[in-house]
Amino acid sequence: MVEIYFKIRRIKKSEMEMIANNLLGFFKTNNLVWGTLVIALILLSILAIVFLIGWKVNRTYPQSIEGLFRELKERYDRGEISKKEYEDIKRDTFKSVFQLKNYLKLFK
53 MVEIYFKIRR IKKSEMEMIA NNLLGFFKTN NLVWGTLVIA LILLSILAIV
103 FLIGWKVNRT YPQSIEGLFR ELKERYDRGE ISKKEYEDIK RDTFKSVFQL
153 KNYLKLFK
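Under our numbering, think of the first position of the sequence shown as 53, with each following residue one higher.
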């Protein structure tokens, strides 16, 4: 009885090993291809995101600064702020813009 069980088990085990080896062999070669494709896709996605963010910042950055100074000048012309406040805001803004430009140069 025990011998019959082992014979059946060996047959099943050998068949299962053959099936497993075929499948694993198939997946081993495909994992290399799929792994390379997945890594390439992830890298391309990261590069695309960095490019789009940089493009968006460079596209909107000068216009937003011009608008800021235009609005500041309009407020001064309407008399909402004094000459001293105008100069202080302008100086602080220039300092911030200069720091931001230096920061953005790091990413170019």
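Beta carbons are placed, not taken as given, at the ideal position from N, Cα and C, and that holds for glycine.
| Query | Result |
| --- | --- |
| Is it true that the CB of I98 sits closer than 7 Å to the CB of L124? | no |
| Suppose the cutoff is 8 Å on Cβ atoms and the five residues either side in sequence are ignored; what does the same chain contact list for K135 look like? | Y128 |
| Please report the distance separating the alpha-carbon of I101 from that of F121. | 30 Å |
| Does DSSP classify G131 as helix, strand or coil? | coil |
| Check whether the Cβ atoms of V149 and I117 lie closer than 7 Å to each other. | yes |
| Beta-carbon within less than 8 Å of G119's beta-carbon, same chain only, minus the 5 sequence neighbours each way: which residues are those? | none |
| Within the same chain, show all residues whose beta-carbon is closer than 6 Å to that of E168, passing over the 5 residues directly before and after it, in chain order. | Outside the shown range of the chain (53 to 160) lies residue 168, about which nothing can therefore be said. |
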